[in-house]
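Notes to accompany the following structure.
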DNA sequence: TAGTGGATAGTTTTT
DNA sequence: CTATCCACTA
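Residue numbers (this note's numbering): 13 to 858.
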């Protein structure tokens with residue numbers, strides 16, 4: 013498909029003429045394919061043409077649809093070439109989805125568009141222009157872990173810890189400054205030099221910036237800020253991009269920070285007149301932003317809600333379109349969401365509505381403990397699944413990552429397939445970071461942090477003393493730390509150490525030869541996997557893991573091999589991708605990017621990660637004071653309001669079913685504390701919630717009438733205290749099990765990730781009687797599955813029917829008299845000792 | 001230099 | 001509770 017010549021630049025005059033002409037055809041051409049099924053507001057959002065457009069898109073109002081059709085429309089009417097479009101999304105996954113949907117609408121024309129996250133777009137620009145400002149294009153990207161490692165060294169070197177500097181506080185402060193586009197010089201001007209703590213921070217900030225630039229590296233925040241600096245310092249470079257991108261679209265605009273805002277401003281500026289061929293000035297690019305201030309949940313990270321609130325004032329003549337009709341959820345869910353968010357003052361009133369009807373009621377549940385709550389979630393999921401809902405359409409959300417423990421444990425026992433999205437990410441594991449450091453040392457030898465990391469990993473007898481000597485040598489001779497390795501012989505070290513250093517240095521050299529991109533015309537190399545393979549085998553890293561006695565190292569070795577297959581997969585998909593390209597991609601993956609829709613598992617994630625996703629059934633867990641309005645948010649201005657938005661985001665992820673759960677007591681840091689229902693629960697109209705067990709019921713176990721939660725705040729205040737045992741710390745230290753008769757549960761083995769209980773040899777058949785630690789006695793109805801995945805379906809006398817993964821469930825087989833068959837035959841007793849003492853069932857009314 | 005054991009400190013959300 | 005740090009010993 014060739015493009016019409018008439019659209020070609022340079023004369024802007026003629027472009028303007030064409031635009032009108034195109035616009036007239038637009039409505040006609042687009043009405044068929046692209047406007048189908050849109051409501052009037054959506055249609056307007058697709059069709060509007062002007063310099064600035066704000067689409068205020070409530071949750072589930074079809075904004076992705078609008079955005080993709082808007083882009084497709086620009087392409088279809090030939091108002092823009094693909095290369096003139098820049099679309100910014102929040103995650104790579106969203107970017108991929110958007111590209112896919114545009115492709116579905118207009119075909120392969122979509123190829124040349126830039127659809128990416130802020131960070132990827134900036135990396136792309138920075139790599140292209142790096143040489144202009146003292147970096148080289150193979151710079152590496154420091155993730156927050158790398159930044160912290162660097163700061164740790166600096167704080168230690170400066171002995172700043174005695175002044176109360178911690179890594180995390182310093183990292184946060186630097187990040188904040190960078191998000192405000194402050195650099196060392198500008199910050200220095202505002203500093204009170206009389207204050208020792210102030211000037212110390214300045215020194216740290218300066219050291220940190222120097223270290224980054226001498227390592228030829230950027231941290232996350234730099235990627236944005238440095239791009240802005242680049243544009244400001246080099247107007248001709250800015251002009252290039254300003255002329256190139258004619259249409260800029262930004263999704264999730266409410267979560268942009270100041271630096272990102274400034275970047276958008278730079279990109280939409282009228283290009284400075286530089287091009288002699290141009291008769292008159294080119295307009296600034298047209299800007300479309302989509303967002304919802306009610307879903308702003310990243311203020312803690314510098315997101316500035318004013319960017320969207322003041323958009324109209326900011327871009328004069330901006331058009332605002334409001335999308336309120338929701339295509340995702342039932343009315344009950346929306347009413348709950350509306351009533352919660354209405355409690356945030358200073359917001360523009362906006363009410364989501366739908367035409368699909370009320371739907372099911374929201375289900376509420378109050379557990380006695382976090383594990384009870386988790387059991388409720390697992391049971392409900394099982395029921396949903398039996399009624400035909402696929403696991404992949406179900407999600408469980410929580411506020412903090414630590415809440416996954418109880419959920420995971422119960423899910424494993426219940427044989428529920430689940431997946432944790434985010435959390436400790438694959439690429440954050442120590443062994444992966446080690447191996448990545450090898451790759452970085454090859455791709456960017458200036459990155460001293462990476463070189464230091466691998467220097468003695470695996471152990472080669474190079475200790476801190478040797479490392480310091482190398483560093484001194486490097487400094488004295490004005491060379492990089494990497495290069496100092498080449499001169500190991502001149503340091504007068506022992507022969508063993510000298511040889512170890514030289515071998516490492518040679519290995520890196522060899523690898524970098526291998527990493528060279530293939531010469532012009534050569535068949536594509538399979539460079540990245542080859543380089544990685546060489547590094548992990550010759551360095552001895554993989555062997556060291558395999559030889560290790562530590563059982564966890566086996567899993568680590570597997571992870572390293574997994575990374576090797578990741579590189580192979582990467583190279584298959586990107587035959588011309590270089591090592592640096594691979595490293596970039598890895599640095600910029602977000603939690604939600606790991607989601608795989610076809611996985612067939614329940615998804616567990618934090619509320620933050622959940623933004624932008626949707627599921628048929630959603631479980632919001634831990635709706636408690638100090639957890640949902642999180643304790644840490646109380647002090648911050650705007651904190652509680654942001655927490656409410658977080659709750660709102662969670663509610664609006666649900667299509668059909670919404671479950672709200674909480675616990676009366678929650679185990680945290682080893683001891684148990686009392687939890688109160690979240691204030692936000694009362695903001696939902698009582699008639700929308702069907703309490704299976706309300707906070708009122710949960711205290712008075714005997715089964716009184718459900719007490720409406722929403723009735724009165726003080727209604728449950730006093731009822732919440734846990735009987736007995738408020739005495740404090742003696743609790744955990746006594747080893748717990750004998751306290752089992754008391755209500756709050758004692759403790760559970762939290763060994764989910766480590767070795768599990770293992771009933772591997774336990775044979776069960778239909779008709780057998782068993783005793784379960786939590787559910788009491790029951791009868792086996794049937795056994796399905798093979799080997800380690802054998803699942804028993806058990807009818808318990810009082811706890812109902814459950815599915816249990818035999819291998820790991822805390823159960824014993826009983827003989828005809830109701831006694832455990834034999835302690836020895838069930839492996840877990842012998843293996844685990846005190847953790848598995850049978851306890852009184854915490855869930856049962858006693 | 002490596003490995004161990006005891007003490008201690010930190011506990012929100014993440015591109 | 002857990003992860004990390006530090007000091008001490010082999």
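All C-beta atoms, glycine included, are put in the ideal place defined by N, C-alpha and C.
Would you kindly work out how many angstroms separate the C-alpha atoms of residue i and residue j, rounded to a whole number?
| i | j | result |
| --- | --- | --- |
| residue 235 | residue 131 | 6 angstroms |
| residue 369 | residue 153 | 49 angstroms |
| residue 294 | residue 255 | 7 angstroms |
| residue 303 | residue 509 | 58 angstroms |
| residue 223 | residue 190 | 16 angstroms |
| residue 93 | residue 260 | 13 angstroms |
| residue 632 | residue 420 | 15 angstroms |
| residue 566 | residue 554 | 10 angstroms |
| residue 451 | residue 653 | 44 angstroms |
| residue 346 | residue 701 | 13 angstroms |
| residue 738 | residue 684 | With a pLDDT of 29 at residue 738, under the threshold of 50, the modelled position of that residue is not reliable, and the figure given next carries that caveat. Looking at the two C-alpha atoms, the distance is approximately 10 angstroms. |
| residue 505 | residue 216 | 32 angstroms |
| residue 128 | residue 627 | 24 angstroms |
| residue 767 | residue 564 | Model confidence at residue 767 stands at a pLDDT of 34, short of 50, so the residue's coordinates are unreliable; what they give is reported in the following sentence. Distance between the alpha carbons of residue 767 and residue 564 is about 9 angstroms. |
| residue 117 | residue 84 | 6 angstroms |
| residue 478 | residue 138 | 36 angstroms |
| residue 171 | residue 495 | 28 angstroms |
| residue 519 | residue 584 | 25 angstroms |
| residue 142 | residue 133 | 14 angstroms |
| residue 252 | residue 63 | 19 angstroms |
| residue 192 | residue 233 | 10 angstroms |
| residue 362 | residue 186 | 36 angstroms |
Name the residue from the options whose alpha carbon lies nearest to the alpha carbon of residue i.
| i | options | result |
| --- | --- | --- |
| residue 198 | 655, 214, 443, 100 | 214 |
| residue 656 | 182, 352, 807 | 352 |
| residue 329 | 299, 208, 138, 216 | 299 |
| residue 391 | 828, 476, 824, 816 | 816 |
| residue 380 | 146, 250, 636 | 636 |
| residue 832 | 641, 554, 774 | 774 |
| residue 279 | 117, 266, 98, 661 | 98 |
| residue 183 | 350, 651, 161 | 161 |
| residue 678 | 796, 383, 72 | 383 |
| residue 474 | 486, 487, 497, 456 | 497 |
| residue 671 | 485, 807, 393 | 393 |
| residue 688 | 638, 517, 321, 320 | 638 |
| residue 367 | 378, 336, 387 | 336 |
| residue 441 | 155, 301, 694 | 155 |
| residue 616 | 428, 502, 469 | 428 |
Where does residue i fall in DSSP's three states?
| i | result |
| --- | --- |
| residue 379 | strand |
| residue 269 | strand |
| residue 234 | helix |
| residue 67 | strand |
| residue 717 | Confidence in residue 717 is poor, its pLDDT being 34 and thus under 50, which makes the residue's placement unreliable; the coordinate value appears in the next sentence. Note: residue 717 maps to coil in three-state DSSP. |
| residue 789 | strand |
| residue 729 | Unreliable placement is indicated for residue 729, whose pLDDT of 31 sits below 50; no coordinate value is reported for it. |
| residue 281 | coil |
| residue 10 | A query on residue 10 cannot be resolved here, the shown segment of the chain reaching from 13 to 858 and no further. |
| residue 309 | coil |
Residue i bridges to which residues according to DSSP?
| i | result |
| --- | --- |
| residue 705 | 377 |
| residue 248 | Looking at the DSSP assignment, residue 248 forms no beta bridge with any residue, so it has no partner. |
| residue 914 | This structure leaves residue 914 out entirely; the chain is present only between 13 and 858. |
| residue 615 | 407, 431 |
| residue 636 | 689 |
| residue 683 | 680 |
| residue 808 | 790, 812 |
| residue 333 | 67 |
| residue 539 | DSSP lists no partner for residue 539. |
Since residue i and residue j should fall inside the 8 angstroms C-beta cutoff, what is the C-beta to C-beta distance between them, to a whole number of angstroms?
| i | j | result |
| --- | --- | --- |
| residue 102 | residue 264 | 4 angstroms |
| residue 125 | residue 79 | Not quite, the Cβ-Cβ distance comes to about 12 angstroms (not below 8 angstroms), so this is no contact. |
| residue 231 | residue 148 | Wrong, their Cβ atoms sit about 17 angstroms apart, outside the cutoff. |
| residue 600 | residue 455 | Contact flag wrong, Cβ pair sits at about 15 angstroms. |
| residue 349 | residue 364 | 6 angstroms |
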